[in-house]
Amino acid sequence: MATPKTLELRKLRLMTAIKTPYTADGNVDLPAFDKIVEHQIANGVEALIVGGTTGEGHLLSWEEHLFLIAHTKAMFGSKIAIVGNTGGMCT
Numbered sequence: 001m002a003t004p005k006t007l008e009l010r011k012l013r014l015m016t017a018i019k020t021p022y023t024a025d026g027n028v029d030l031p032a033f034d035k036i037v038e039h040q041i042a043n044g045v046e047a048l049i050v051g052g053t054t055g056e057g058h059l060l061s062w063e064e065h066l067f068l069i070a071h072t073k074a075m076f077g078s079k080i081a082i083v084g085n086t087g088g089m090c091t
């Protein structure tokens, strides 16, 4: 049986996998990331998949991965649904 949150997500019409921008030294570029999220919200996106769905997941450490999901939820969780990607490079 689906949870209420799952049922809520199923009703959304537009969910995008958001890319993770990096600085020249290889760190997550939070100001650029926030601008991407704001652009998504301004253009009608209802949910974001955060943390590796466009191929960069293997570049993020687990701490960076969790930080990015938490940051997105804290900054934008009242405006848009957040789905944290939990995939990884191990079996």
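Per our numbering, the sequence shown runs over residues 1 to 91. Ideal Cβ placement from N, Cα and C applies to all residues, glycine included.
Name the one or two DSSP bridge partners that residue i has.
{"i": "residue 15", "result": "47"}
{"i": "residue 28", "result": "22"}
How long is the line joining the alpha carbons of residue i and residue j, rounded to whole angstroms?
{"i": "residue 3", "j": "residue 58", "result": "29 Å"}
{"i": "residue 23", "j": "residue 33", "result": "11 Å"}
{"i": "residue 83", "j": "residue 49", "result": "5 Å"}
{"i": "residue 44", "j": "residue 37", "result": "11 Å"}
{"i": "residue 42", "j": "residue 30", "result": "18 Å"}
{"i": "residue 64", "j": "residue 1", "result": "32 Å"}
{"i": "residue 6", "j": "residue 75", "result": "22 Å"}
{"i": "residue 61", "j": "residue 28", "result": "11 Å"}
{"i": "residue 35", "j": "residue 72", "result": "12 Å"}
Which of the three DSSP states, helix, strand or coil, is assigned to residue i?
{"i": "residue 82", "result": "strand"}
{"i": "residue 3", "result": "coil"}
{"i": "residue 9", "result": "helix"}
{"i": "residue 60", "result": "coil"}
Using a C-beta cutoff of 8 Å, does residue i count as contacting chain B?
{"i": "residue 83", "result": "The displayed structure is made up of one protein chain only, and chain B is not part of it."}
Report all residues from its chain with a CB closer than 8 Å to the CB of residue i; omit the five preceding and five following residues, and keep chain order.
{"i": "residue 81", "result": "8, 9, 12, 15, 46, 47, 48"}
Return the chain-ordered list of same chain residues with a C-beta closer than 6 Å to the C-beta of residue i, the five sequence neighbours on each side being excluded.
{"i": "residue 69", "result": "50, 51, 84"}
{"i": "residue 56", "result": "20"}
{"i": "residue 67", "result": "none"}
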